[in-house]
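Asker: To start, I am sharing the structure in question, which I have written as structure tokens.
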Ligand code: DQA
């Protein structure tokens, strides 16, 4: 089976998962989430690349690098940058790689400043509120949509 390459990007503070505000984010560590994603990816014919950074510019550069790696889709939890980062929005538009935005928590049930996303209107879809499962649902949705709209 020919594998497709998908990049998963985790934004700031997500390296702290497991002990970070478990009422919002659950108890799964980032490593556990990445392992579940890799297990699911195998069944979907996906080669998964996972990346986390606490720095906006580093996230922008990782998105740029995706073009050379023939990444065909991105699952991104931009974390707090969701609500502020025009730079990450522009990077995703610049590479023109389809992406899905995911959140562990239901951002719409939380503070008003978390209701705004700088990316959502350009995303293929948004999944929020299912803890670590949000990533798995996001990956499934992305791959199903890519099959319907094959890459250029
Ligand atoms: C988050 C929600 C954001 O508002 C917050 O800043 C995060 C995590 C989530 O996954 O629920 O860091 O993206």
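In our numbering, the protein residues as written are -5 to 146. Glycine residues also receive a C-beta, built at the ideal position from the N, C-alpha and C atoms.
1) Would you mind reading off the limits of the beta strand (DSSP E) that contains residue 44?
2) Tell me which residues share the same chain as residue 54 and place their Cβ nearer than 7 Å to its Cβ, disregarding the 5 neighbours each side in the sequence.
3) Mind checking residue 46: buried by the 16 CB within 10 Å criterion, or exposed?
4) Whole angstroms are fine: how far does the CA of residue 10 sit from the CA of residue 70?
5) Looking only at C-alpha atoms, which of 51, 64 and 72 sits nearest to residue 99?
6) May I ask you to verify whether the segment 88 to 107 touches the segment 119 to 128, counting CB pairs closer than 8 Å and requiring at least 3?
7) Please report the straight-line C-alpha distance between residue 20 and residue 127, rounded to a whole angstrom.
8) With a threshold of 16 other CB atoms inside 10 Å of the CB of residue 37, please say whether the residue is buried or exposed.
9) Residues in its own chain within less than 7 Å of residue 24 by CB, not counting five upstream and five downstream?
10) Rounded to whole angstroms, what is the Cα-Cα separation between residue 59 and residue 68?
11) Can you give me the Cβ contacts of residue 130 inside the same chain, cut-off strictly under 8 Å, excluding the 5 residues immediately before and after it?
12) For the ligand DQA, enumerate in chain order all residues having a CB closer than 6 Å to any of its heavy atoms.
13) Alpha carbon to alpha carbon, how far is residue 0 from residue 40? Give it in angstroms, no decimals.
Answerer: Once the coordinates are examined:
1) 40 to 46
2) 81, 82 and 85
3) buried
4) 17 Å
5) 72
6) yes
7) 11 Å
8) exposed
9) 4, 8, 9, 11 and 46
10) 12 Å
11) 30, 31 and 34
12) 7, 71, 73, 74, 76, 97, 98, 99, 101 and 108
13) 7 Å
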